[in-house]
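Residue numbers (full-length UniProt numbering): 1 to 999.
All C-beta atoms in this analysis are idealised placements derived from N, C-alpha and C, irrespective of residue type, glycine included.
Presented below is the structure to which this report refers.
What follows is the structure in structure tokens.
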């Protein structure tokens, strides 16, 4: 499954900041005062009627256990969390072999509140251990006719069920039998009548809709990962209980249905209804099943082996489906060659649905996507959006092998699915789009991003024991995906690409249609490595990386001559060297680190194969480094660690960058930016080292290092939002970006630029307008004004739309807001809509922004979905005060429901990383944290705790570094402006505007 934020606009700009502090402080006081006042259808569908032989109903419920204490939240009284039980795993006494599943979606008419589904299932079981009871998952909102439940031997019709009870906490039925089931015997279990409402809750089998010719059309679609097959039918809803599924879907004759396997027969059953029968699946897990009933249209094709490969979407989007079809066919053929293992199904359907919680889902043979991750229109889509489509398609197709053919045994090892798919997606796209430098992009989009998450005290290991469905959902995060992928990339580097590929081939071939644990992968890779004549204890090396949280900082010190000492320690932000002794256990961890290095005079590509292993705290290394030559460690940033050099080498690489930056490879430049910035944040390197290094960026035009710079300056904009350094930072950014901005052709057609140049241009324009570059702001306003007057003939260049929209909304008023809001309701493509919704978060108007956020909250509640806040709110003082106002107002109503506005916005803030902590609210957060602790609400408490931890970290950051940064910026800006007056002409009135930009 690909996990994506809904708002993925490429690059957006500018949100309000700084001079409004006094007004906003007054506003905060008013809000606080106000806040203090605030505080004072039975469904029936029977496939096999066994009436008259029902079983006795029993009172549901089993005593609940104590919930695990979440990371970052102290253990407390568990009153109110009695349903968070631990022992929720099914025993292996009885296992399913074959399901006959029949489902009917009732989605016809205009009253969606009446829509539902019903069905029946027959399961062929095998008893493994003698028992007189077993369990079957079913969600509590499902209506099950217990009189239609039946169990008998394969050779008998006698019903063996004695009692049926339901355990709401564990989401299963306990079926007790009148006699002990015998090992190795086959039994047949029937659930003859079950059903549930079809709603837009984005889980299980759910309802979605779209508008076509002013008529609302409905479809039933599914999302079962990780534990929502039980919402659709009674089943053994764990990945290890693989089985074969024979599926029948009932539909009205003017609709069509789809599932994992090819359609075998469509049989009319009267009254305008049709029963579609699909070929039985291969051995698969419940979470990979899919069911769709719709009126979508298709774009058919054939892959390289003449199997059907088809794109499905609502009719209005079909003209933009060509890119998905083309790249999907290329990638599935490439993976067959790469793994040397054929795709085992007869067809691949890829479907774009209007409402979908994840980025996509890898259901075997029927991959379901959010519209923005499958549909790309060259006339309206950005290059960022195109790349997103390519990577998500590659990710989901990779899952057809990693996850579907070979499946994790339990969700503890989610990274075996998601880490692999995330890593391999880049290999697939690199084949389909070789000019995109996907390996370099991996470093900035995956590794460098997860470095920050994994440097926090709230991180967790890649391998994380989980049991309850809520815990499972929580680990679909950056650690499982990005870090899992990054350590696999490191492993490929130290084993060698061909050895790694051969190991994957052994792993997949040996375990196809089975479930695995990490040891199975380690054994396959060790076997491949030994065949190459080498030996590395893969299990010993990798267990440290997946079972230990965080990652190391490798520090280099020259001992004299060509001898260097390397030392390792955990890189933990907030653990300043001055108080490192506070938590010695957090910093004394060790890793087995593959050290690669090169000097200025060496060929870096050739040097990559030279690997030294650092297993202890220290390592002595000899490098042939001439006087005045720089050296570098962690080549191509393949290792999952940061490097801090001695001051002499930082000086040498900085000098090389400022003299001839192209002497250092693109990815090395991005690595130096990212490492120096975050090591400075860590406190083990002076911020002046990072700032001195940024001087070279006036010459930078390449996307990969620009991306690293972009992220670093965004962070500084956030934490300095209320500090005197904010305007100085903007002036410095204008200087850095000025030469690159001059090279921009605002009228260039997208076809005139290659992919990476186009994305680099988006960053340059975004940062220029975000720093109040006068020409950038003027051009953006002019383009938007012309677009409002005549949208058909004055189209904004697609790559500029995020910047232009945001700048226009920030600088404009009601007219611009209303125009863009109306446009969001008319655009066809989800990607374009999200760019608009992101831009709306750039407004300076408090009331308008508060209304907008409540519209987003109401929409999330109506869909039972998570709230997705625009990234443009981060660092925007108006936006931050609106968020804080909402949290305060909704605090008394926090326990109203599981998706109360309070919980929705708190989770969204924590998920988005929106830094509301620059507001003076730490005391309030501490009170909330204490109350949630007392109420034993671990999930909400975890969100508050993380925000509070970030608040403390940012407060300490400002105390330690703000004055140094301010002094450096002041001196640098004054020196540059004294030597040249051109920068004054690029500035606008320093009315505070936010400068954070997003990708």
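Residue i versus the options, residue with shortest Cα-Cα distance
i, options, result
"residue 130", "454, 709, 181, 826", "181"
"residue 602", "229, 560, 665", "665"
"residue 285", "279, 260, 294", "260"
"residue 705", "720, 724, 674", "674"
"residue 695", "701, 860, 654, 331", "654"
"residue 966", "512, 722, 391", "722"
"residue 490", "978, 640, 435, 658", "640"
"residue 958", "407, 461, 429, 724", "724"
"residue 89", "241, 144, 1", "241"
"residue 559", "520, 446, 623", "623"
"residue 273", "218, 815, 251", "251"
"residue 431", "390, 420, 421", "390"
"residue 158", "143, 177, 165", "177"
"residue 541", "556, 522, 557", "522"
"residue 141", "122, 152, 262, 167", "167"
Spatial neighbours of residue i in its chain, beta-carbon cut-off 6 Å, leaving aside the 5 residues before and after
i, result
"residue 469", "227"
"residue 568", "552, 554"
"residue 246", "100, 280"
"residue 265", "277"
"residue 845", "none"
"residue 396", "360, 362, 367"
Residue i in three-state terms, based on DSSP
i, result
"residue 411", "helix"
"residue 100", "strand"
"residue 349", "strand"
"residue 897", "coil"
"residue 382", "coil"
"residue 1001", "An answer regarding residue 1001 cannot be provided, because it is not within the stretch 1 to 999 covered by the chain."
"residue 558", "strand"
"residue 599", "strand"
"residue 842", "coil"
"residue 321", "coil"
"residue 818", "helix"
"residue 590", "coil"
"residue 877", "helix"
"residue 700", "coil"
"residue 471", "helix"
"residue 179", "strand"
"residue 256", "strand"
"residue 776", "helix"
"residue 705", "helix"
Residue(s) in a DSSP beta bridge with residue i
i, result
"residue 425", "In DSSP, residue 425 forms no bridge with anything."
"residue 152", "188"
"residue 298", "312"
"residue 212", "215"
"residue 117", "105, 196"
"residue 406", "402, 514"
"residue 637", "DSSP output for residue 637 lists no bridge partner at all."
"residue 277", "248, 265"
"residue 161", "177"
"residue 620", "565"
Supposed contact pair residue j and residue i - C-beta distance, whole angstroms, cut 8 Å
i, j, result
"residue 124", "residue 98", "4 Å"
"residue 374", "residue 352", "4 Å"
"residue 784", "residue 760", "In fact, because the Cβ distance is near 23 Å, the residues do not count as touching under 8 Å."
"residue 669", "residue 661", "6 Å"
"residue 635", "residue 969", "Not really, about 33 Å apart at Cβ, beyond 8 Å."
"residue 154", "residue 187", "7 Å"
"residue 339", "residue 505", "6 Å"
Cutoff 8 Å; reference residue i; Cβ partners in own chain excluding five residues on either side
i, result
"residue 536", "494, 495, 526, 529"
"residue 223", "202, 203, 204, 206, 356, 357, 358, 361, 368"
"residue 570", "550, 551, 552, 553, 586, 587, 588, 589"
Cut-off 7 Å between Cβ atoms - residues of its own chain near residue i, not counting five sequence neighbours on either side
i, result
"residue 1006", "Given a span of 1 to 999 for the chain in the structure shown, any question on residue 1006 remains unanswerable."
"residue 941", "73, 929, 932, 933"
"residue 217", "209, 210, 295"
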